[in-house]
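Some notes on the structure that comes next.
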Amino acid sequence: MAGTDEVDAPPRKGRKRIVLGVFVLVAVVAAGGIAVAVIGHDGKPEATGAGKAPVATTSVVKTDLSDTRSLPGTLGYGVERSVRGAGTGLVTRLPKAGATVVRGKPLYWVDDRPVPAFVGDTPLFRKLDKVGTRGRDVTVVANNLRALGYSIGYMPPQTPVAGKPSVPGDVFTASLKSALKQWQVAAGLQPTGTLDIGQVVVLSGPARVASIKAQLGDPVAEELITVTPTAKVVTVPVDATDVGTIRLKARASIALPSGKKIAGQVTAIGRTVQDVTDGSGQTAAQLNITVTPRKAADVKALDAAGVEVTFTSQVRRGVLAVPVGALLALREGGYALQLPDGKLIAAETGMFVRGMVEVTGKGVTEGLEVVTSS
Numbered sequence: 004m005a006g007t008d009e010v011d012a013p014p015r016k017g018r019k020r021i022v023l024g025v026f027v028l029v030a031v032v033a034a035g036g037i038a039v040a041v042i043g044h045d046g047k048p049e050a051t052g053a054g055k056a057p058v059a060t061t062s063v064v065k066t067d068l069s070d071t072r073s074l075p076g077t078l079g080y081g082v083e084r085s086v087r088g089a090g091t092g093l094v095t096r097l098p099k100a101g102a103t104v105v106r107g108k109p110l111y112w113v114d115d116r117p118v119p120a121f122v123g124d125t126p127l128f129r130k131l132d133k134v135g136t137r138g139r140d141v142t143v144v145a146n147n148l149r150a151l152g153y154s155i156g157y158m159p160p161q162t163p164v165a166g167k168p169s170v171p172g173d174v175f176t177a178s179l180k181s182a183l184k185q186w187q188v189a190a191g192l193q194p195t196g197t198l199d200i201g202q203v204v205v206l207s208g209p210a211r212v213a214s215i216k217a218q219l220g221d222p223v224a225e226e227l228i229t230v231t232p233t234a235k236v237v238t239v240p241v242d243a244t245d246v247g248t249i250r251l252k253a254r255a256s257i258a259l260p261s262g263k264k265i266a267g268q269v270t271a272i273g274r275t276v277q278d279v280t281d282g283s284g285q286t287a288a289q290l291n292i293t294v295t296p297r298k299a300a301d302v303k304a305l306d307a308a309g310v311e312v313t314f315t316s317q318v319r320r321g322v323l324a325v326p327v328g329a330l331l332a333l334r335e336g337g338y339a340l341q342l343p344d345g346k347l348i349a350a351e352t353g354m355f356v357r358g359m360v361e362v363t364g365k366g367v368t369e370g371l372e373v374v375t376s377s
């Protein structure tokens, strides 16, 4: 065949021949096992019996190959986080499980006084009552009052002072104190313009009450409730050795119990390794992968469910491919494809996926008929 790199072509200077002796053993890689053929001087398999058995053939196709894997996951609201109270007093009212936490609104009551929720990264760790106090807790108060629609006035930038360590965060100004007092009036709190430990609870973001841990009459300075994010996500346990194949922001497909498939995206890759023991007693180190549905409406009717998540780690588009059974492994190394007349064509392999293999090489073209083991 013109234009093909065949094993029986005469040797040329500077060109490595595929056939290195009188006979070459060729392994036919197939799903059911390995068949061995003997190749003679003419590059064709020699007959081993009275006659040649008919061979099955297939064609080289141009297609898209994708490396995917499906894993079980759990649809829910994500990881629960504990919320502890602070200060003194007794719990007199608690929220209901499933309630959405609203910024600036009471989350629970202590001694019949409401404790509103703020959003931020620093809890209140001291009493804020003196104008000029600077810190990240002040920034939390300023950001929440601004988000609630109150004017907090000008916030002076931090000015480094020689010989003194810098303190991160904003300044508790007179205008911020005034805005705090206005909010306290609207929230039904004592309008003091100050905040003490335990008078507000700071959460890391939008939250939903997952479970109630305390009872009425318990001291406030203990675990009261657990919360989760408000958005539904899928948590997928993945073996630590396989996490490297899954990328942040990668697309995923989520199969719901109804059979419907929806689009999702990898939004978090856990960093905490957990040892999990399966039914056979084998222990594996696993990490949790978080997949968020692209459309919240797709899972609106479900609060919790077991799902199947399919990850795509690699995609090869418009490549030439054949069934794995058409690939021949040569004894001296490398691979080849066999034509119906027995000739061999050298082939380079790429992605292997779902019984297909990507192939390239001189003479390997779309539609080329080759021998296959199945």
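When we follow our numbering, the leftmost residue of the sequence shown carries the number 4, and every step to the right adds one.
Backbone N, C-alpha and C define an ideal beta-carbon position, used for all residues, glycine too.
Remember, it's a predicted structure, so these values are computed and weren't measured experimentally.
Assigned secondary structure, residue i (DSSP; H/G/I helix, E/B strand, else coil)
i	result
L330	coil
G247	helix
D140	helix
V188	helix
L183	helix
D67	strand
D173	strand
R129	coil
R274	coil
S207	coil
D301	helix
S214	strand
S178	helix
D338	It is worth fixing the name first, because residue 338 is Tyr in this sequence and not Asp. Strand at Y338.
V25	With a pLDDT of 31 at V25, under the threshold of 50, the modelled position of this residue cannot be trusted, and the question is left open.
Q268	strand
D242	strand
E369	coil
A349	strand
T103	strand
Cβ distance (whole Å) where residue i is taken to contact residue j below 8 Å
i	j	result
V360	A324	6 Å
K65	E369	5 Å
V110	V204	In the sequence under discussion, the amino acid at residue 110 is Leu, which differs from the Val named in the question. Indeed, because the Cβ distance is near 6 Å, the residues count as touching under 8 Å.
E317	D70	Per the sequence shown, residue 317 should be read as Gln rather than Glu. Right, the Cβ-Cβ distance comes to about 4 Å (below 8 Å), so this counts as a contact.
Q185	Y153	6 Å
Residue closest to residue i, alpha-carbon to alpha-carbon, out of the options
i	options	result
A258	A308, Y338, A243	A308
V367	P57, G336, G88, L330	L330
V82	G273, G196, K298	G273
V276	T176, Q289, Q285, T238	Q289
S256	D278, E311, T293, A234	E311
R96	V188, D221, K130	D221
V141	V118, S178, R116, P168	S178
S169	T136, P326, T293, M354	T136
A253	Q268, D132, G364	Q268
V356	R319, G166, Q341	R319
D173	G166, Y153, V134, W186	V134
R72	G166, I200, Q187, D242	D242
T313	R106, R149, G90, P296	P296
I292	T61, R106, P57, L74	L74
V230	T60, D115, G101, T61	G101
A300	P163, A234, N147, A145	A234
I155	A89, V144, A165	V144
M182	G358, N146, T61, R106	Note that residue 182 is Ala in the sequence shown, not Met. The option with the nearest alpha carbon to A182 is N146.
T60	G358, K365, E351, Q341	Q341
Pairwise C-alpha distance: residue j and residue i
i	j	result
A339	K263	42 Å
G92	I265	48 Å
L206	T244	34 Å
F175	T195	14 Å
R87	P209	17 Å
V374	P260	42 Å
A30	L333	Since pLDDT at A30 reaches only 39, below the 50 mark, its modelled position is unreliable, and the value read off the structure follows with that caveat. Near 6 Å, if we compare the C-alpha coordinates of L333 and A30.
D67	Y80	35 Å
K130	V236	37 Å
G123	V94	23 Å
T363	A349	9 Å
P326	S376	9 Å
I42	R250	Residue confidence is low: I42 scores 48 on pLDDT, short of 50, so the model does not pin down where it sits. Its coordinate-derived value is still stated next. Using only the alpha carbons, I get a separation of about 45 Å.
G345	K298	54 Å
K180	A120	18 Å
T77	G247	21 Å
W112	Q161	36 Å
R84	G353	45 Å
T280	L192	51 Å
L219	L227	10 Å
A40	S283	Unreliable placement is indicated for A40, whose pLDDT of 44 sits below 50; the coordinate value is still reported in the next sentence. Whole-angstrom Cα-Cα distance: 41 Å.
T286	R211	33 Å
According to DSSP, residues forming a beta bridge with residue i
i	result
T287	Thr is not the amino acid found at residue 287; the sequence shown has Ala there. The partner list for A287 (beta bridge, DSSP) reads V279.
G79	V236
T60	V374
P222	L93
E361	A324
R149	BP columns for R149 are empty, so no partner.
S261	S261 pairs with nothing; no bridge assigned.
Y111	V118
Min CB distance residue i to chain C below 7 Å
i	result
L333	Protein chain content of the structure displayed is limited to a single chain, and chain C is not contained in it.
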